[in-house]
Amino acid sequence: MAIPNLAPMTADNLVAYLADAPDDGLRHEIINGELYVAPAPLISHQRLVARIFRLLDEAATEANAGEVFLAPLDVRLSDYDVVQPDLLFVATDRLTICDDDRFVAGPPDIVVEIASPSTRVIDLVRKAALYARSGVAEYWTVDRAAGSLAINILRNGRYEPAAPDAEGRLHSAILLGAVVDPEALFAGMPN
(Lines of atoms letter the chains of each structure in order from A and count residues from 1; the text may use other names and numbers.)
(Lines give C-alpha, C1' and ligand atoms only; values in the text may rest on other atoms or scores of the structure.)
Protein backbone atom coordinates (compact mmCIF):
# COMPACT_ATOMS: atom_id res chain seq x y z
CA MET A 1 0.00 0.00 0.00
CA ALA A 2 1.36 3.41 -0.95
CA ILE A 3 1.45 6.00 1.82
CA PRO A 4 0.78 9.52 0.53
CA ASN A 5 3.44 12.09 1.28
CA LEU A 6 3.83 15.69 0.16
CA ALA A 7 7.44 15.56 -0.96
CA PRO A 8 9.44 12.68 -2.37
CA MET A 9 10.86 10.57 0.44
CA THR A 10 14.61 9.93 0.40
CA ALA A 11 16.65 7.09 1.85
CA ASP A 12 17.74 9.38 4.70
CA ASN A 13 14.09 10.38 5.36
CA LEU A 14 13.18 6.69 5.57
CA VAL A 15 15.96 6.00 8.07
CA ALA A 16 14.83 8.95 10.24
CA TYR A 17 11.16 7.92 9.95
CA LEU A 18 11.91 4.34 11.06
CA ALA A 19 14.22 5.49 13.88
CA ASP A 20 11.38 7.52 15.39
CA ALA A 21 8.65 4.92 14.87
CA PRO A 22 8.03 1.78 16.93
CA ASP A 23 8.92 -1.48 15.18
CA ASP A 24 5.63 -2.37 13.50
CA GLY A 25 6.82 -5.60 11.84
CA LEU A 26 5.97 -4.21 8.40
CA ARG A 27 8.20 -3.86 5.33
CA HIS A 28 8.93 -0.21 4.44
CA GLU A 29 10.22 0.61 0.96
CA ILE A 30 10.40 3.71 -1.23
CA ILE A 31 10.03 3.67 -4.99
CA ASN A 32 10.45 6.95 -6.85
CA GLY A 33 10.22 8.76 -3.53
CA GLU A 34 6.89 7.15 -2.60
CA LEU A 35 6.63 5.15 0.64
CA TYR A 36 5.18 1.65 0.43
CA VAL A 37 4.30 -0.42 3.49
CA ALA A 38 3.54 -4.13 3.26
CA PRO A 39 2.48 -6.63 5.91
CA ALA A 40 4.75 -9.37 7.16
CA PRO A 41 4.81 -12.34 4.76
CA LEU A 42 2.77 -15.50 5.20
CA ILE A 43 4.30 -18.83 6.19
CA SER A 44 3.84 -20.21 2.65
CA HIS A 45 5.76 -17.19 1.34
CA GLN A 46 8.59 -17.86 3.79
CA ARG A 47 8.71 -21.53 2.80
CA LEU A 48 9.29 -20.50 -0.82
CA VAL A 49 11.94 -18.00 0.27
CA ALA A 50 13.74 -20.79 2.16
CA ARG A 51 13.61 -23.18 -0.80
CA ILE A 52 14.95 -20.58 -3.24
CA PHE A 53 17.60 -19.42 -0.75
CA ARG A 54 18.92 -22.97 -0.42
CA LEU A 55 19.04 -23.36 -4.21
CA LEU A 56 20.84 -20.03 -4.79
CA ASP A 57 23.17 -20.41 -1.82
CA GLU A 58 24.21 -23.91 -2.88
CA ALA A 59 25.00 -22.71 -6.43
CA ALA A 60 26.87 -19.63 -5.15
CA THR A 61 28.87 -21.66 -2.61
CA GLU A 62 29.71 -24.43 -5.06
CA ALA A 63 31.02 -21.95 -7.65
CA ASN A 64 32.48 -19.50 -5.09
CA ALA A 65 30.47 -16.97 -7.09
CA GLY A 66 29.21 -14.52 -4.45
CA GLU A 67 26.71 -14.16 -1.62
CA VAL A 68 22.96 -14.60 -1.22
CA PHE A 69 21.05 -12.38 1.22
CA LEU A 70 17.53 -12.58 2.71
CA ALA A 71 15.03 -9.84 3.54
CA PRO A 72 14.77 -7.70 5.45
CA LEU A 73 17.81 -5.95 3.99
CA ASP A 74 17.66 -2.50 2.43
CA VAL A 75 18.90 -2.15 -1.12
CA ARG A 76 19.56 1.50 -2.02
CA LEU A 77 19.22 1.90 -5.75
CA SER A 78 19.12 5.71 -5.52
CA ASP A 79 18.33 8.41 -2.96
CA TYR A 80 14.64 7.89 -3.83
CA ASP A 81 14.58 4.11 -4.21
CA VAL A 82 15.09 1.76 -1.26
CA VAL A 83 13.66 -1.75 -1.52
CA GLN A 84 13.80 -5.00 0.42
CA PRO A 85 13.71 -7.88 -2.06
CA ASP A 86 12.86 -11.30 -0.66
CA LEU A 87 16.26 -12.58 -1.82
CA LEU A 88 19.23 -11.13 -3.63
CA PHE A 89 22.54 -12.32 -4.99
CA VAL A 90 25.70 -10.24 -5.37
CA ALA A 91 28.59 -11.64 -7.41
CA THR A 92 32.02 -11.86 -5.81
CA ASP A 93 33.52 -9.13 -7.99
CA ARG A 94 30.76 -6.72 -6.91
CA LEU A 95 30.64 -7.41 -3.18
CA THR A 96 31.93 -3.89 -2.48
CA ILE A 97 28.29 -2.74 -2.77
CA CYS A 98 27.85 -4.59 0.55
CA ASP A 99 30.66 -2.72 2.35
CA ASP A 100 28.24 -0.56 4.38
CA ASP A 101 26.84 -3.00 6.93
CA ARG A 102 23.46 -1.20 6.96
CA PHE A 103 22.43 -1.67 3.31
CA VAL A 104 23.39 -2.83 -0.18
CA ALA A 105 24.52 0.26 -2.11
CA GLY A 106 23.54 -0.46 -5.68
CA PRO A 107 21.86 -3.05 -7.85
CA PRO A 108 22.33 -6.71 -6.93
CA ASP A 109 23.06 -9.15 -9.76
CA ILE A 110 19.90 -11.17 -9.04
CA VAL A 111 16.76 -10.08 -7.22
CA VAL A 112 13.96 -12.48 -6.26
CA GLU A 113 10.48 -11.23 -5.38
CA ILE A 114 7.67 -13.54 -4.29
CA ALA A 115 4.41 -11.82 -5.17
CA SER A 116 1.51 -11.95 -2.78
CA PRO A 117 -1.96 -10.47 -3.27
CA SER A 118 -0.95 -7.31 -1.36
CA THR A 119 2.31 -6.78 -3.31
CA ARG A 120 1.58 -8.26 -6.78
CA VAL A 121 1.27 -4.96 -8.70
CA ILE A 122 4.22 -3.41 -6.90
CA ASP A 123 6.45 -6.47 -7.48
CA LEU A 124 5.47 -7.23 -11.07
CA VAL A 125 5.14 -3.67 -12.39
CA ARG A 126 6.74 -0.94 -10.29
CA LYS A 127 9.68 -2.95 -8.98
CA ALA A 128 10.27 -4.61 -12.36
CA ALA A 129 10.61 -1.16 -13.95
CA LEU A 130 12.83 0.05 -11.10
CA TYR A 131 15.09 -3.02 -11.26
CA ALA A 132 15.46 -2.73 -15.04
CA ARG A 133 16.20 1.00 -14.81
CA SER A 134 18.76 0.31 -12.05
CA GLY A 135 20.58 -2.44 -13.96
CA VAL A 136 19.60 -5.57 -11.99
CA ALA A 137 20.78 -8.21 -14.47
CA GLU A 138 18.27 -10.89 -13.47
CA TYR A 139 14.85 -10.53 -11.85
CA TRP A 140 13.13 -13.67 -10.61
CA THR A 141 9.40 -13.35 -10.06
CA VAL A 142 7.50 -15.99 -8.14
CA ASP A 143 3.72 -16.08 -8.18
CA ARG A 144 2.76 -18.22 -5.21
CA ALA A 145 -0.95 -18.29 -6.07
CA ALA A 146 -0.35 -19.40 -9.67
CA GLY A 147 2.50 -21.74 -8.74
CA SER A 148 4.80 -20.14 -11.31
CA LEU A 149 8.32 -18.80 -11.45
CA ALA A 150 9.93 -16.67 -14.16
CA ILE A 151 13.59 -15.81 -14.54
CA ASN A 152 13.74 -12.47 -16.35
CA ILE A 153 17.03 -11.45 -17.95
CA LEU A 154 17.86 -7.79 -18.59
CA ARG A 155 18.55 -7.18 -22.28
CA ASN A 156 18.67 -3.71 -23.81
CA GLY A 157 17.04 -2.17 -20.74
CA ARG A 158 14.08 -4.59 -20.67
CA TYR A 159 13.42 -7.93 -19.05
CA GLU A 160 12.96 -10.98 -21.24
CA PRO A 161 11.83 -14.29 -19.73
CA ALA A 162 14.30 -17.18 -19.88
CA ALA A 163 13.01 -20.16 -21.80
CA PRO A 164 12.74 -23.46 -19.92
CA ASP A 165 14.90 -26.39 -20.95
CA ALA A 166 13.47 -29.68 -22.28
CA GLU A 167 12.62 -30.80 -18.71
CA GLY A 168 10.82 -27.53 -17.91
CA ARG A 169 13.63 -26.22 -15.69
CA LEU A 170 14.83 -22.62 -15.67
CA HIS A 171 18.53 -21.72 -15.63
CA SER A 172 20.06 -18.55 -14.27
CA ALA A 173 22.20 -16.70 -16.82
CA ILE A 174 24.04 -14.91 -13.99
CA LEU A 175 24.61 -17.61 -11.37
CA LEU A 176 25.63 -20.65 -13.38
CA GLY A 177 24.52 -23.79 -11.64
CA ALA A 178 21.34 -22.21 -10.28
CA VAL A 179 18.65 -24.33 -11.91
CA VAL A 180 15.02 -24.29 -10.81
CA ASP A 181 12.42 -26.94 -11.46
CA PRO A 182 9.21 -24.95 -10.85
CA GLU A 183 7.19 -28.14 -10.30
CA ALA A 184 9.58 -29.28 -7.56
CA LEU A 185 9.73 -25.77 -6.08
CA PHE A 186 5.98 -25.71 -5.50
CA ALA A 187 5.61 -29.41 -4.57
CA GLY A 188 3.66 -29.82 -1.35
CA MET A 189 2.87 -26.09 -1.11
CA PRO A 190 -0.70 -25.16 -0.18
CA ASN A 191 -2.60 -23.10 -2.76
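For the sequence shown, this note's numbering assigns the number 167 to the initial residue and increments by one for each residue that follows.
For each residue, glycine too, the CB sits at the ideal point set by N, CA and C.
Since we're looking at a predicted model, the values are computed, not measured.
The segment 333-352 and the segment 310-318 touch, with no fewer than 3 CB-CB distances between them shorter than 8 angstroms.
Annotation for ARG220: the continuous alpha helix (DSSP H) segment containing it runs 209-229. Pairing ALA187 with HIS194, the inter-Cα distance amounts to about 12 angstroms. Annotation for PHE352: the continuous alpha helix (DSSP H) segment containing it runs 348-352. Classified as buried, PRO207 has 16 or more neighbouring CB atoms from the shown chains inside 10 Å of its CB.
For ASP309, no alpha helix (DSSP H) run applies; the uninterrupted beta strand (DSSP E) run containing it begins and ends at 304-309, by DSSP.
Counting only the Cα atoms, ALA344 lies some 22 angstroms from VAL241.
Here ALA281 carries a strand assignment [DSSP, helix/strand/coil].
Of all alpha-carbon atoms in LEU243, TYR305, GLY232, the one lying nearest the alpha-carbon of LEU336 is that of TYR305. Judged by beta-carbon spacing, PRO273 lies within the 8 angstroms limit of GLY301, meaning their Cβ atoms are closer than that value. Residue pairing from DSSP places ALA316 in a beta bridge opposite THR307. By the beta-carbon neighbour count (other beta carbons within 10 angstroms, threshold 16), ASN318 is buried. Nearest in C-alpha terms to PRO356, of all of ARG310, TYR246, LEU236, PHE235, is ARG310. According to the DSSP assignment, LEU243 belongs to the beta strand (DSSP E) that extends over 241-244. Judged by beta-carbon spacing, ALA303 lies within the 8 angstroms limit of ILE340, meaning their Cβ atoms are closer than that value. Bridge pairing for PRO327: ASN318 [DSSP].
For ASP245, the CB contacts under 6 angstroms within the same chain, skipping 5 residues up- and downstream, are THR176, ALA177 in chain order. Ranking LEU254, ARG217, SER284 by CA distance to the CA of PHE352 puts ARG217 first.
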